Amino acid sequence: MLDPRFIRENMELVESRLKTRGEGVDLGRFRELDTRRREMLLQSETLKALRNKVSEEISRIKDKSQAQGRIAEMREVSQKIKGLDEELRGVEEELENVLLMIPNIPHASVPVGTSEADNVEVRQWGKRPVMDFTPKPHWEIGEDLRILDFERGAKLTGARFTLYRGAGARLERALLNFMLDLHTERHNYLEMLPPFMVNRESMTGTGQLPKFEDDLFHLDGVDYFLIPTAEVPVTNIHRNEILRGDDLPLLYTAYTPCFRKEAGSYGKDTRGLIRQHQFNKVELVKFSHPEHSYAELDRLLDNAEEVLRLLGLHYRVVELCTGDIGFSAAKTFDIEVWLPGQDTFREISSCSNFEDFQARRASIRFREDEKAKPEYVHTLNGSGLAVGRALVAVLENYQQADGSVMIPEALRPYMGGQERIS
RNA sequence: GGAGAGAUGGCCGAGUAGGUCGAAGGCGCUCGCCUGCUAAGCGAGUAUACUGGGAAACCGGUAUCGAGGGUUCGAAUCCCUCUCUCUCCGCCA
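Counting in our numbering, the first sequence runs from 2 upward without gaps.
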């Protein structure tokens with residue numbers, strides 16, 4: 002959520018900055034409601050001040066029969082207040098809804114663009130593996146080795162669900178343990194294991210709601226949602242809290258499955274593991290001092306890249322343009338891993354600084370020191386990494402001419418020393 | 001799922017015949033005094049949000065005692081609903 006006061010005072014600026022996202026945001030409604038709200042608030046509060054004053058006078062009168070006139074008067078004042086407050090509540094509710102639907106303002110450094118095509122490549126690491134045979138896509142590798150079973154996944158649940166079998170299941174587990182160990186032991190993140198379903202407040206805090214309810218799985222009978230990313234529970238750990246400035250930055254990592262309806266992606270990536278309704282992810286989340294959040298973003302991105310470097314996987318880093326960054330983000334870098342089986346780079350991590358956008362929604366603040374006023378923290382997060390897609394990358398990059406797959410050095414301790422899947 | 005108890009400020013904890021309670025007291029914290037240093041002691045201060053005025057320092061108003069409604073001139077205190085926590089029973093990994 003943007004700061005309403007900031008919008009009020011910088012209407013044109015906000016409107017033009019948001020326009021670069023490609024969504025026309027009309028702030029006229031905001032201005033109308035905001036003005037109306039303050040007018041009504043003033044009226045209501047003036048009457049309340051009067052009532053408080055007179056009520057206090059009444060309390061001092063011993064003989065209440067002397068106070069009948071004023072009591073009657075206040076009865077009317079109270080009626081008026083009640084009416085005003087009711088109307089005010091309606092206005093505030095609508096204002097809140099308007100505010101919750103306004104996306105974050107992109108950081109000044111974000112390249113302006115309208116689509117994915119305008120994203121800017123920042124760097125590449127490693128190079129494409131040399132293969133003297135035609136590389137297979139991972140779904141073929143997985144089926145041939147009988148470690149991925151798409152048909153039975155579909156039987157058990159439906160499209161976009163997969164059964165991992167044997168070494169496939171273990172490879173997935175190896176990857177996520179490897180990632181968690183790296184981030185906790187080498188990068189100083191604190192491991193969390195949060196609930197995999199959360200309530201509406203949490204989803205609103207990070208920005209999934211109210212705008213993207215269609216993308217979420219909702220439980221029947223209780224108002225809970227399956228999390229689409231660990232970002233939601235982990236960021237909301239500190240919802241409605243005031244943190245100590247000394248404790249910042251807080252670095253958390255968490256493995257969770259992620260559940261997404263992928264509404265609107267019908268027909269896209271229908272084969273293989275790329276786009277599933279359920280996938281595993283190791284997430285990195287930071288609560289940062291506002292002044293250091295961009296330095297923290299660079300570090301977070303590097304922490305995520307480190308996973309790929311240790312796995313020896315070729316990748317590139319892309320800076321998303323204004324037209325492509327997410328609703329809540331002020332700036333985002335994607336990491337895309339090379340997939341020989343598909344002859345292309347595919348997103349495997351997305352690292353963002355949300356600045357105070359989520360912090361304001363979720364009311365996550367800190368005090369610089371004991372005396373200081375609370376300020377909003379900056380929240381950041383990034384995948385470190387998407388485990389399913391990492392498995393895809395391993396299969397496709399380490400496939401051999403004979404159909405087997407070499408296991409990257411770094412993962413072997415997690416595979417009981419196994420060097421190859423065949 | 002059944003029965004009961006509870007939810008007050010950073011923490012602990014008073015406050016139920018409704019008014020002077022944003023809320024006693026203690027702890028913690030901040031500043032000052034004092035002691036050669038430390039501890040102890042003494043004094044003052046110590047919530048948040050919105051809002052009006054002001055360049056600002058700051059001054060004023062309103063709200064907040066789990067959340068939401070109700071009764072009343074007036075509610076932390078009375079009534080209703082909900083949420084959460086704890087205890088016991090049942091069920092269960």
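The beta carbon of each residue, even a glycine, is placed where N, CA and C say it ideally should be. Here the structure is a predicted model, which is why all the values come from computation and not from measurement.
ask   = Can you list the beta strand (DSSP E) stretches of 3 or more residues lying completely in the stretch 240-327, in chain order?
value = The DSSP assignment places complete beta strand (DSSP E) segments of no fewer than 3 residues inside the stretch 240-327 at 242-245, 251-260, 279-289, 316-320, in order along the chain.
message = For GLU202, report the span of its alpha helix (DSSP H) as first-last.
response = For the purposes of this step, residue 202 is taken as residue 201 along the first sequence, with counting starting at 1. Start and end: 201-207.
key: For HIS379, three-class secondary structure by DSSP   = Translated into the one-based positions of the first sequence, residue 379 becomes position 378. HIS379: strand per DSSP, three-state reduction.
inquiry  = Once DSSP output is grouped into helix, strand and coil, what is the label at ARG30?
reply    = Here the question's residue 30 lines up with position 29 in the first sequence. Residue state, collapsed to three classes: helix.
key: Status (buried if at least 16 other CB within 10 Å, exposed otherwise) for THR205   = Here residue 205 corresponds to residue number 204 of the first sequence, with the count starting at 1. THR205 comes out buried.
key: Burial state of ARG161, where buried means 16 or more other Cβ atoms lie within 10 Å   = Working through the first sequence from its first residue, we reach residue 161 at position 160. By the 10 Å Cβ count, ARG161 comes out buried.
task = Evaluate ILE72 with the Cβ neighbour count: other Cβ atoms within 10 Å of its Cβ, from every protein chain shown; 16 or more gives buried, anything less gives exposed.
result = For the purposes of this step, residue 72 is identified with residue 71 of the first sequence, where counting begins at 1. Exposed, because fewer than 16 other Cβ atoms sit within 10 Å of the Cβ of ILE72.
Separation of GLY23 from MET12, as counted between CA atoms = As a first step, residue 12 must be located in the first sequence, where it is residue number 11. As a first step, residue 23 must be located in the first sequence, where it is residue number 22. When rounded, the distance between both Cα atoms is 17 Å.
query = Over what stretch of residues does the beta strand (DSSP E) that includes THR345 continue unbroken?
reply = Translated into positions along the first sequence, residue 345 becomes position 344. First-last of the beta strand (DSSP E) with THR345: 345-356.
query = Is the Cβ-Cβ distance between ILE103 and LEU3 less than 9 Å?
reply = Taking the first residue of the first sequence as position 1, residue 103 is located at position 102. Taking the first residue of the first sequence as position 1, residue 3 is located at position 2. Here ILE103 is near LEU3, since their CB atoms are less than 9 Å apart.
request  = State the Cα-Cα distance for the pair PRO211 and ALA402, rounded to the nearest angstrom.
outcome  = Against the first sequence, residue 211 aligns to sequence position 210. Against the first sequence, residue 402 aligns to sequence position 401. When rounded, the distance between both Cα atoms is 49 Å.
ask   = Excluding five sequence neighbours on each side, which residues of the same chain lie with their C-beta closer than 7 Å to the C-beta of GLY324?
value = Here residue 324 corresponds to residue number 323 of the first sequence, with the count starting at 1. Excluding sequence neighbours, GLY324 sits near ARG22, GLY23, GLY114, THR115, SER116, ASP119.
query = Would you say GLN260 and PHE197 are within 9 Å of each other, going by their C-beta atoms?
reply = For the purposes of this step, residue 260 is taken as the residue at position 259 of the first sequence. For the purposes of this step, residue 197 is taken as the residue at position 196 of the first sequence. The identity of residue 260 in the sequence shown is Phe, whereas the question assumes Gln. A contact, by the Cβ cut-off of 9 Å.
request  = Check whether the Cβ atoms of SER384 and ALA305 sit closer than 9 Å, and answer yes or no.
outcome  = Here residue 384 refers to the residue found at position 383 when the first sequence is read from its first residue. Here residue 305 refers to the residue found at position 304 when the first sequence is read from its first residue. In contact: SER384 and ALA305 (Cβ atoms closer than 9 Å).
task = Write down the C-beta distance between LYS287 and LEU312 rounded to the nearest angstrom, noting that I regard them as a contact closer than 8 Å.
result = To locate residue 287, count along the first sequence from 1; it is residue 286. To locate residue 312, count along the first sequence from 1; it is residue 311. Between LEU312 and LYS287 the Cβ distance is about 23 Å, and since that is not below 8 Å, they are no contact.
inquiry  = Can you give me the C-alpha to C-alpha distance between LEU89 and ASP303, rounded to a whole angstrom?
reply    = One-based indexing of the first sequence puts residue 89 at position 88. One-based indexing of the first sequence puts residue 303 at position 302. Roughly 48 Å separates the two Cα atoms.
query = Do GLU337 and GLU348 have their CB atoms nearer than 9 Å?
reply = Position 336 of the first sequence, counted from the first residue, corresponds to residue 337. Position 347 of the first sequence, counted from the first residue, corresponds to residue 348. The answer is yes: Cβ separation under 9 Å.
message = Mapping the DSSP letters down to three states, classify GLN359 as helix, strand or coil.
response = Working through the first sequence from its first residue, we reach residue 359 at position 358. Looking at GLN359 - three-state DSSP - the assignment turns out to be helix.
key: Helix, strand or coil at VAL123 [DSSP, three-state]   = Taking the first sequence and counting its residues from 1, one reaches residue 123 at position 122. In this structure, VAL123 counts as strand in the three-state DSSP scheme.
ask   = Just reading off the alpha helix (DSSP H) that ILE8 is part of, what are its end residues?
value = Counted from its first residue, the first sequence places residue 8 at position 7. From DSSP, the alpha helix (DSSP H) with ILE8 extends over 5-10.
message = Tell me the rounded alpha-carbon separation between GLU94 and GLN44.
response = Residue mapping note: residue 94 aligns to position 93 of the first sequence, counting from 1. Residue mapping note: residue 44 aligns to position 43 of the first sequence, counting from 1. The alpha-carbon atoms of GLU94 and GLN44 are separated by roughly 18 Å.
task = Compute the Euclidean distance between the alpha carbons of ASP27 and SER79, then round it to the nearest angstrom.
result = Within the first sequence, the letter at position 26 stands for residue 27. Within the first sequence, the letter at position 78 stands for residue 79. Between ASP27 and SER79, the alpha-carbon positions lie close to 37 Å from each other.
query = Distance, Cα to Cα, ARG245 vs GLU376?
reply = Against the first sequence, residue 245 aligns to sequence position 244. Against the first sequence, residue 376 aligns to sequence position 375. Between ARG245 and GLU376, the C-alpha separation is close to 11 Å.
inquiry  = Taking the beta strand (DSSP E) that THR21 belongs to, which residues open and close that run?
reply    = Translated into the one-based positions of the first sequence, residue 21 becomes position 20. No beta strand (DSSP E) holds THR21; DSSP gives it neither H nor E.
query = Since LEU48 and LYS81 are thought to touch, with beta carbons under 8 Å apart, how far apart are those beta carbons, to the nearest angstrom?
reply = In the first sequence, residue 48 corresponds to position 47, counting from 1. In the first sequence, residue 81 corresponds to position 80, counting from 1. Contact between LEU48 and LYS81 holds: their C-beta atoms lie close to 6 Å from each other, under 8 Å.
ask   = Nearest to GLY327 by alpha carbon, out of LEU19, GLU10, ARG6, ILE8?
value = In the first sequence, the residue the question calls residue 327 occupies position 326. If we check each option's Cα against that of GLY327, LEU19 comes out closest.
message = Please return the same chain residues whose Cβ sits closer than 8 Å to the Cβ of SER110, not counting the five positions on each side in sequence.
response = For the purposes of this step, residue 110 is taken as residue 109 along the first sequence, with counting starting at 1. Closer than 8 Å at Cβ, skipping near neighbours: LYS332.
task = Compare the C-alpha of ARG368 against each of TYR225, PRO291, ARG362 and name the closest.
result = Taking the first sequence and counting its residues from 1, the one referred to as residue 368 is at position 367. Nearest C-alpha to ARG368: PRO291.
ask   = Given that a residue counts as buried once 16 or more other Cβ atoms are within 10 Å of its Cβ, and exposed if not, what is SER294?
value = Stepping through the first sequence from its first residue, residue 294 is reached at position 293. Within a 10 Å sphere around the beta-carbon of SER294 sit 16 or more other beta-carbons, which makes this residue buried.
task = Per DSSP, which residues does LEU146 bridge with? Please list them.
result = By 1-based counting over the first sequence, the position of residue 146 is 145. Paired residue(s): none; LEU146 is not in a bridge.
key: Alpha-carbon to alpha-carbon, PHE134 and GLY222   = Position 221 of the first sequence holds residue 222. Position 133 of the first sequence holds residue 134. Distance between the alpha carbons of GLY222 and PHE134: 53 Å.
query = Under 9 Å between the Cβ atoms of LYS269 and ALA387?
reply = Along the first sequence, read from residue 1 onward, the residue named residue 269 stands at position 268. Along the first sequence, read from residue 1 onward, the residue named residue 387 stands at position 386. Result no, Cβ atoms of LYS269 and ALA387 do not sit closer than 9 Å.
ask   = Considering only the beta carbon of each residue, do ILE365 and ARG240 sit closer than 9 Å?
value = Your numbering for residue 365 matches position 364 in the first sequence. Your numbering for residue 240 matches position 239 in the first sequence. In this structure, ARG240 lies closer than 9 Å to ILE365 by Cβ.
ask   = Using CA coordinates, which residue listed in GLU186, VAL378, ASP182, PRO258 is at the minimum distance from ARG1?
value = In the structure as shown, the chain begins at 2 and stops at 423. Residue 1 is therefore absent and cannot be evaluated.
ask   = With which residues is LEU340 paired in a DSSP beta bridge?
value = The residue you call residue 340 lines up with position 339 of the first sequence. Paired residue(s): THR345.
ask   = Can you tell me where the alpha helix (DSSP H) with PHE151 in it begins and where it stops?
value = Locating residue 151 in the first sequence gives position 150, where the first residue counts as 1. Here the alpha helix (DSSP H) through PHE151 covers 151-157.
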